[in-house]
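Structure first, then comments.
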Ligand SMILES: Nc1ncnc2c1ncn2[C@@H]1O[C@H](COP(=O)(O)OP(=O)(O)OP(=O)(O)O)[C@@H](O)[C@H]1O
Ligand SMILES: [Mg+2]
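Residue numbers (this note's numbering): -16 to 333.
Below, the structure written as structure tokens:
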């Protein structure tokens, strides 16, 4: 096309503890890493996904852009949490054009918000169980939420070109790095306040859910029960020692929170099985900061009696060792899962 230029947007995953930036060159199965970095946010700036201090987030984004020497203006971002509703529904089959027209009215009965307050999107999954029906993945996101996040990047001087949701970014990252595997695989992204769950059957997403569970649980328990500061709690979470902290006590607190979170995951898997009538989850891939909590993956795999692994979103991405610090990449990789999935998106790609 005459006026189209090939844009490789930057991706920003604006989490409550870290903003992650990834830029990828290429398409299909041929990506290479162009930019990668992250910047921490203080705990009170974004709380449970709600932007409390927009100014400080935009300032942090600007700082990250400067540090990474970013020239690109186009940005892909994502939203998650309770403002996002993803549902697999069966409706009368129609063309994509007809569906685009009527999806808003179809969606009304499936979402707990007023239809005027949400943006609705859809993806056809295939034919429904009965003749003349189609299975459709319905996505509704509260306009407020989109506006808040879009304004953050606009205030940092960027131009938002795609707003995705965490769960789909995870699925894209997974397909790139792990291919399409048969069986039931659960992708978990466990950050500070939100856990995204995306369960795939033979590579197709059949259940998604965001629940408010994450690494903050550890911080809160350590602060409350061991009287630690936020900073010291962060150190304990990383497995570092803190002067004056009772090793046995903090280990006990950490393990109890892990058991709690694993219990929540177990309940979500049970819910998944009872609502979809599906087989057991066979494999779990974990991303997000909680994948790095000492003992987390081990406990998860023991309690659920399944294979649990930490995600590496850079497995199938070319990384030039001259431009990137290999130690930083491997150490931070689980936190970059959503940002990598976002960085795979191209304008007009679906
Ligand atoms: N090396 C590490 N070891 C243990 N815990 C870590 C490590 N790095 C980060 N964390 C914890 O993981 C969480 C941050 O992970 P992540 O960046 O995935 O969350 P986020 O995207 O900022 O949060 P959310 O999406 O929930 O708003 C924090 O609770 C942090 O304390
Ligand atoms: Mg996150």
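From the three backbone atoms N, C-alpha and C, an ideal C-beta is built for every residue, glycine too. Predicted, not measured: the structure shown is a model, and the values here were computed from it.
Judged by DSSP in its simplified three-state form, residue 301 adopts strand. The three-state secondary structure of residue 194, taken from DSSP, is strand.
Residue pairing by DSSP puts residue 181 in a beta bridge opposite 170 and 191. Per DSSP, reduced to three states, the secondary structure at residue 317 is helical.
Selection around ligand 1 by beta-carbon proximity, strictly under 5 Å to any non-hydrogen atom, yields -2, -1, 0, 1, 174, 175, 176, 177, 197, 198, 220, 221, 271, 272, 275, 276 and 318 in chain order. Relative to the Cα of residue 150, the nearest Cα in the group 247, 172 and 267 belongs to 172. A check of alpha carbon separations from residue 271 across 287, 209 and 2 identifies 2 as the nearest. Judged by beta-carbon spacing, residue 93 lies beyond the 8 Å limit of residue 300, meaning their Cβ atoms are not closer than that value.
Taking the CA atoms as reference points, residue 132 sits about 11 Å from residue 63.
At a Cβ-Cβ threshold of 8 Å, residue 324 and residue 177 do not count as neighbours. Contact annotation: the segment 187 to 195 does not touch the segment 269 to 288, with fewer than three C-beta pairs closer than 8 Å. Residue 203 and residue 249 have their alpha carbons spaced roughly 22 Å apart. Residue 311 and residue 88 have their C-alpha atoms spaced approximately 47 Å apart. In the structure shown, residue 127 falls within a helical segment according to DSSP collapsed to helix, strand and coil. According to DSSP, residue pairing for residue 3 in a beta bridge involves -4 and 21. Residue 107 sits in a strand when the DSSP states are folded into three classes.
DSSP places residue 149 in the helix class (H, G or I) of the three-state scheme. For the pair residue 174 and residue 317, the Cα-to-Cα distance works out to about 10 Å. The residue from 233, 218 and 24 with its alpha-carbon nearest to that of residue 209 is 233. For residue 116, the number of other beta carbons within 10 angstroms of its own is below 16, and it is reported as exposed. The alpha-carbon separation between residue 56 and residue 167 amounts to approximately 38 Å. A distance criterion of 7 Å places the beta-carbon of residue 321 in contact range of ligand 2, judged by its closest non-hydrogen atom. Taking 4 residues as the minimum length, the alpha helix (DSSP H) runs contained wholly in the segment 60 to 107 are 79 to 91, in order along the chain. DSSP places residue 116 in the strand class (E or B) of the three-state scheme. Closest option to residue 66, judged by alpha-carbon separation, among 123, 138 and 283: 123.
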